[in-house]
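Protein sequences, first through last, are from chains E and R.
Each residue of the first sequence is one higher than the one before, counting from 11 in the working numbering.
Each residue of the second sequence is one higher than the one before, counting from 38 in the working numbering.
Worksheet: the structure to be examined is printed underneath.
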Amino acid sequence: EADIYQTPRYLVIGTGKKITLECSQTMGHDKMYWYQQDPGMELHLIHYSYGVNSTEKGDLSSESTVSRIRTEHFPLTLESARPSHTSQYLCASSGTGVRADTQYFGPGTRLTVL
Amino acid sequence: KNQVEQSPQSLIILEGKNCTLQCNYTVSPFSNLRWYKQDTGRGPVSLTIMTFSENTKSNGRYTATLDADTKQSSLHITASQLSDSASYICVVSDRGSTLGRLYFGRGTQLTVWP
Numbered sequence: 011e012a013d014i015y016q017t018p019r020y021l022v023i024g025t026g027k028k029i030t031l032e033c034s035q036t037m038g039h040d041k042m043y044w045y046q047q048d049p050g051m052e053l054h055l056i057h058y059s060y061g062v063n064s065t066e067k068g069d070l071s072s073e074s075t076v077s078r079i080r081t082e083h084f085p086l087t088l089e090s091a092r093p094s095h096t097s098q099y100l101c102a103s104s105g106t107g108v109r110a111d112t113q114y115f116g117p118g119t120r121l122t123v124l
Numbered sequence: 038k039n040q041v042e043q044s045p046q047s048l049i050i051l052e053g054k055n056c057t058l059q060c061n062y063t064v065s066p067f068s069n070l071r072w073y074k075q076d077t078g079r080g081p082v083s084l085t086i087m088t089f090s091e092n093t094k095s096n097g098r099y100t101a102t103l104d105a106d107t108k109q110s111s112l113h114i115t116a117s118q119l120s121d122s123a124s125y126i127c128v129v130s131d132r133g134s135t136l137g138r139l140y141f142g143r144g145t146q147l148t149v150w151p
């Protein structure tokens with residue numbers, strides 16, 4: 011079982027609200043990722059980080075932003091949520107060494123914007 | 038274009054039966070291929086990983102095969118159990134970037150009936 015946590019697990023909010031999805035890992039991994047996944051569809055990378063103070067946008071354009079002030083923490087923020095942001099958001103992390111690109115996933119946050 | 042295609046999209050089998058899931062990819066250059074299991078409402082969990090030189094890898098009742106020449110992989114599940122009901126995702130990694138870019142299939146939704 012991977013030591014990567016996401017909160018909240020489920021969130022239902024109204025349009026225009028600011029939200030922050032939390033992601034923490036206790037494995038000391040340098041790389042962290044945020045994916046967006048709609049039902050029956052593949053995961054799409056929206057943000058990633060190589061380490062503290064490093065953040066990059068992924069393949070799928072997203073209005074969300076991320077920060078990486080501490081190695082273990084990689085929160086995702088939506089300044090003004092819209093119904094189009096309704097989706098499942100998965101956080102992942104990976105370390106170094108032989109299996110450097112093995113990503114360990116958190117349980118996900120299912121976001122519904124009304 | 039780098040892609041990962043999985044078939045079938047969904048599959049229903051009876052408990053105790055075997056099944057085989059397919060994955061075709063066009064990712065190049067190829068680094069490795071993983072099969073992940075994703076339970077409903079959870080993050081994906083890695084089942085197997087295979088590099089270019091490996092053509093089979095087992096993890097309990099799960100056996101993955103890889104044909105790097107034809108760019109095909111399969112996941113065989115033996116003596117299925119109700120707990121095998123999940124989405125099985127094929128993920129291919131390239132070695133064209135420091136990030137170790139991952140390409141995700143849409144998954145095969147497996148349902149095991151008693």
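In this text, a Cβ means the ideal position worked out from N, Cα and C, and glycines have one as well.
Contacts of residue i in chain E (Cβ-Cβ under 7 Å)
| i | result |
| --- | --- |
| leucine 48(R) | Going along chain E, no residue has its Cβ under 7 Å from leucine 48(R), so there is no contact; the nearest lies around 14 Å. |
| phenylalanine 141(R) | Glu52 and Leu53 |
| proline 81(R) | Phe115 |
Delimiting residues of the beta strand (DSSP E) encompassing residue i
| i | result |
| --- | --- |
| glutamate 42(R) | 41-44 |
| threonine 111(R) | For the record, residue 111(R) in the displayed sequence is serine; it is not threonine. It spans 109-114 - the beta strand (DSSP E) in which serine 111(R) sits, taken as one unbroken run. |
| leucine 51(R) | 47-51 |
| asparagine 96(R) | 93-96 |
| glutamine 59(R) | 56-62 |
| leucine 21(E) | 20-23 |
| alanine 102(E) | 97-104 |
| phenylalanine 141(R) | 139-141 |
According to DSSP, residues forming a beta bridge with residue i
| i | result |
| --- | --- |
| aspartate 131(R) | Phe67(R) |
| alanine 123(R) | Leu147(R) |
| alanine 101(R) | Lys94(R) and Leu112(R) |
| serine 83(R) | Tyr73(R) |
| arginine 120(E) | Tyr20(E) and Gln98(E) |
| phenylalanine 115(E) | Ala102(E) |
Whole-angstrom C-beta distance between residue j and residue i, which should lie under 8 Å
| i | j | result |
| --- | --- | --- |
| leucine 103(R) | leucine 70(R) | 6 Å |
| threonine 25(E) | alanine 91(E) | 6 Å |
| leucine 88(E) | leucine 70(E) | About 14 Å separates the two Cβ atoms, so there is no contact after all. |
| cysteine 127(R) | valine 64(R) | Not really, about 10 Å apart at Cβ, beyond 8 Å. |
| serine 104(E) | histidine 39(E) | 6 Å |
| isoleucine 29(E) | leucine 21(E) | 7 Å |
| threonine 122(E) | threonine 96(E) | 5 Å |
| serine 122(R) | valine 82(R) | About 14 Å; that fails the 8 Å criterion. |
Residues that residue i contacts on chain R, provided the C-beta gap is smaller than 8 Å
| i | result |
| --- | --- |
| glycine 118(E) | Gly78, Arg79 and Gly80 |
| leucine 100(E) | Gly80 and Pro81 |
Subject >> Every unbroken alpha helix (DSSP H) within the region 31-85 of chain E, with a cutoff of 4 residues, ordered by chain >> reply: For the region 31-85 of chain E, not a single whole alpha helix (DSSP H) run of length 4 or above is found.
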